[in-house]
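Protein chains in written order, with this note's numbering: chain A, 1 to 548; chain B, 1001 to 1255; chain C, 2001 to 2177. Take a look at the structure below.
As structure tokens, then:
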């Protein structure tokens, strides 16, 4: 089946009129967070109750993707009245239906006028929580695949690359490499066989943006990949997803089969000569597979060990063919850029970091969940306005960004705008978007030790500095937290960090010391207190003799 | 067996193009597809290596061959880096030598390298590197892991306590012998070279007993049985020859 | 494409029961999906683990022969990735998330208490074979930290007491659970 624009519009029209036919709609969040609080049962109960009351043509229950405020789940949203319900139980179902025509159930209402909802700017997550991720028609009704149609039928590959370059979009996976530039290299790469890979191996502990996007709006990523394929001359794509995200994998596979059925992937897409095939590949629990060359090795069915670069994947990638790897969030930005133009996108954010960024806000903060904000929003706004501050009147201590490759940012930088360059300046990175807030009860040495344990056990073991160095650092940090370290070991710690940073083979090894280096820089007194005074300033660590 | 992994062919490097550049302030010339390491060796400039071995594929993993390039703070492994015109490479700066020493020391702490009782004493590349680099003590604490010795093979023996995970054995078995009996299990500090399904070497059904792995091993990890302390010298002159012979297209013999 | 009979390990699969046949069919289907090419190895191991619960040695030999991958490479891949296990799991599995948010939220204490009260550390199974304890790097349920997975069901906002109660019920064979 091959669609043209009329077909697309027709599908959208039918879908919209279907939606408008209902007096009331209730969206139930079915993303992993709310599902684990029982939102599946609530949806079932709502449907049963609606049928029992004979209201099937009056009220529509839809399962949707992430509504954002994961901490207060299960969440419902009522798009007709604009209100949200939080912490809903099955027993609340009749009351919710009773109240549809009157005022909302006061004890369940989740205030929507708060900064958490008001301050967000949604591009990547514009459909999250609004559409049923398991139905392609709903995505089409929200202008889905219109960008692809426009790209394939009205634009040349060069024009698309110009739009992406002009938008100022930078890779959302970590280092912030300009996406347009990457696409341009890929378009120029020699070879008739080229591959596009979507990196959904979200390995950073504390990050779940990619999971939410894939669970809530999988078609957006697929559309971005097909556009990328057309722009760069690739005809085969792989989406590499962590096996730890079964729901995302399931929805992605479903979305792929729907897109294939409708002809958005396959041969002669939208009656053009362009063809593109897409496959899902599962990760198997290795953080290092987020690194480009390791990811490629993993898709080839081998151990995910990075190899030295150059040659870069764009010249020698998957099975030695030119390969471009983009992050999930990067690809999710593509369709809106094509639809609305690069100028619109470039108007959001700061001078060097355009657009928005999705963050997974977690840790010691009131509103944990998924947020999307314009680049350049200050950390203070994120933690205190949107995040609602520290629970139980706790005192803010630091915020950790970028996972094991990032760093801990102390209070003095709270007013810093969040963009690639500012974060790099204070020794951290944007990373994929995990943001963990810590209060006074967290010992920063212990946090550094946690990340070093992570890097040590996730080290692939190929190069010596990372394999043995991370272990040595971990041992020293263990001694410091147990108040058994000497100043000589403290000096050795800094020395080892320098060694690993400068001599490791891949980016993961080179950035592994970052959590230690930033805490050494901003929380040196905590290290010294453990060594000189044998005490933990946060009161979190146990002394060696207490452990024994 | 299928080609696994496929051979890397660097079509971006043109072997007929020549370039000139500097190593340690000496002018040198090279083909575009020669690595910094091989050009340095041709000019008798010594860069220490461990995982590199002439005749095997490069791995770039031990990081001992790192060199500096003037004008850049980044350190590059000489075994996998190709020179560019007018590059100025420094192989013996204080910074580089310090890093090499530390990396070597880390290797010594990782497993149990006790030279005085080792059959490869005096013929060990790890030991020689320590002498060359002047590593007379190790600043980091030894980790003293517990590792096994597998003497189940009729002629050879593997002592994991001496292994530095250079994977020469894995490469020679795959690339030259073509058996791929060896591989590396686990990751990070728990990595270990294994035969077949991590079974005793003597029970391996794929091992041809050719002993190439033993000859290429830089330390006393892989040894011949019946050798006493300091008796295990190794010969690996056959490697570049075998690589050339195995790389021939079929039919080049005049029968 | 398949060089049948060349690989000496091709016949290594033991006689199977009908139930095993079904599981083998699943494995074969995955391998065919990748046209028995070596790059299907990781996906195949996922299927083996799903249908057999863990990666048993005879199946590893079978997969190696079918995909024409060296035995040592199959073992290397199976042990490099943390999703795979070579030991049979217990009747029930309890996964505790050790992501950053969960760590800050106290997942370390939960693991400590399990070790103290139940006597198993990560990767271990209780002596009665009832419960296996595993760790996850991050479940992506950071909003519900600390989180865990009990027999495939994600549960958030855990406390040591809640987890111990759940494990206790599994161990004392409550037919309801």
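Quick reminder that beta carbons are idealized off the backbone N, C-alpha and C, glycines included.
Report task. Measure the alpha-carbon distance for residue 1200 of chain B versus residue 1142 of chain B and round it to whole angstroms. Result -> 28 angstroms
Query raised in the report: Quick one: Cα of residue 319 of chain A to Cα of residue 2039 of chain C, how far?
Result: 10 angstroms
Query raised in the report: Would a C-beta distance cut-off of 7 angstroms place residue 283 of chain A and residue 201 of chain A closer than the cut-off?
Result: yes
Query raised in the report: Is the distance from the Cβ of residue 164 of chain A to the Cβ of residue 372 of chain A below 7 angstroms?
Result: no
Query - residue 2101 of chain C vs residue 206 of chain A beta-carbon contact at 7 angstroms - result: yes
Report task. Could you check which residue in C:2029, C:2119, C:2024, C:2114 has the C-alpha nearest to that of residue 2165 of chain C? Result -> C:2114
**Report entry** Close-in-space but distant-in-sequence residues of the same chain around residue 1165 of chain B (CB under 6 angstroms, 5 per side omitted)
**Finding:** 1191
Query raised in the report: Helix, strand or coil for residue 1201 of chain B per DSSP?
Result: helix
Query raised in the report: Which word fits residue 2099 of chain C, buried or exposed, when buried means at least 16 other C-beta atoms lie within 10 angstroms of its C-beta?
Result: buried
Report task. Would you check if the distance between the CB atom of residue 189 of chain A and the CB atom of residue 322 of chain A is smaller than 7 angstroms? Result -> yes
Query raised in the report: At what residue ranges does the region 74-139 of chain A contain a whole run of the beta strand (DSSP E), taking only runs of 3 or more?
Result: 76-78, 83-85
Query raised in the report: Rounded to a whole number of angstroms, what is the C-alpha to C-alpha distance between residue 13 of chain A and residue 266 of chain A?
Result: 25 angstroms
Requested in this report: Could you name the residues of chain B that residue 2056 of chain C contacts, counting a contact when the two beta carbons are closer than 9 angstroms?
Outcome: Near residue 2056 of chain C there are no residues of chain B at all, since even the closest Cβ is about 11 angstroms away, more than 9 angstroms.
Report task. Step through the CB atoms of chain B and report whether any lies within less than 7 angstroms of the CB of residue 2073 of chain C. Result -> yes
Query raised in the report: Mind listing which residues of the region 1163-1190 of chain B have their C-beta closer than 7 angstroms to chain C's C-betas, in chain order?
Result: 1180, 1181, 1182, 1183, 1184, 1185, 1186, 1187
Query raised in the report: How would you call residue 542 of chain A, buried or exposed, if buried means at least 16 neighbouring beta carbons within 10 angstroms?
Result: exposed
Report task. Rank A:151, A:366, A:332 by C-alpha distance to the C-alpha of residue 355 of chain A and give the top, closest one. Result -> A:332
Query raised in the report: Going by the CB atoms, is the gap between residue 300 of chain A and residue 506 of chain A shorter than 7 angstroms?
Result: no
**Report entry** Interface flag, residue 2137 of chain C vs chain F, CB-CB below 7 angstroms
**Finding:** You won't find chain F in this structure, because its protein chains are A, B and C.
Query raised in the report: Comparing the C-beta of residue 286 of chain A with each C-beta of chain C, is any distance below 7 angstroms?
Result: yes
Query - Spatial distance of residue 447 of chain A from residue 511 of chain A (CA atoms) - result: 16 angstroms
**Report entry** Nearest residue (CA-CA) to residue 2126 of chain C, options C:2172, C:2104, C:2136, C:2153
**Finding:** C:2172
Query raised in the report: So with Cβ pairs under 7 angstroms, would you call residue 1196 of chain B a contact of chain C?
Result: yes
Requested in this report: For residue 385 of chain A, collect the residues of the same chain with a Cβ closer than 8 angstroms to its Cβ; drop the 5 residues on either side in sequence, then sort them by chain order.
Outcome: 115, 119
Query - Candidates A:255, A:535, A:477, of which the one nearest residue 517 of chain A by Cα - result: A:477
Requested in this report: For residue 11 of chain A, return the contacting residues in chain C, with the cut-off set at a CB-CB distance below 8 angstroms.
Outcome: None at all; the shortest Cβ gap to chain C is about 30 angstroms.
**Report entry** Identity of the residue in C:2138, C:2049, C:2030 nearest residue 2085 of chain C by Cα
**Finding:** C:2049
**Report entry** Neighbour flag for residue 417 of chain A against chain B, beta carbons, 7 angstroms
**Finding:** no
Query raised in the report: Three-state secondary structure (DSSP) at residue 18 of chain A?
Result: helix
Query raised in the report: What are the complete alpha helix (DSSP H) segments, minimum 4 residues, inside the region 2122-2149 of chain C?
Result: none
**Report entry** Alpha-carbon spacing of residue 252 of chain A relative to residue 62 of chain A, whole angstroms
**Finding:** 18 angstroms
Report task. Would you be able to state if there are at least three C-beta pairs under 8 angstroms between the region 462-472 of chain A and the region 528-543 of chain A? Result -> no
Requested in this report: Select from the region 236-254 of chain A all residues with a C-beta closer than 7 angstroms to any C-beta belonging to chain C, and list them in chain order.
Outcome: 243, 244, 245
Requested in this report: Give the interface partners of residue 1203 of chain B over in chain C, defined as CB-CB distance under 9 angstroms, in chain order.
Outcome: What residue 1203 of chain B touches in chain C: nothing, since even the nearest Cβ is about 12 angstroms away.
Query raised in the report: Does residue 508 of chain A get closer than 7 angstroms to chain C when you measure Cβ to Cβ?
Result: no
Query raised in the report: Who does residue 364 of chain A pair with in a DSSP beta bridge?
Result: For residue 364 of chain A, which the question treats as bridged, DSSP gives no partner whatsoever.
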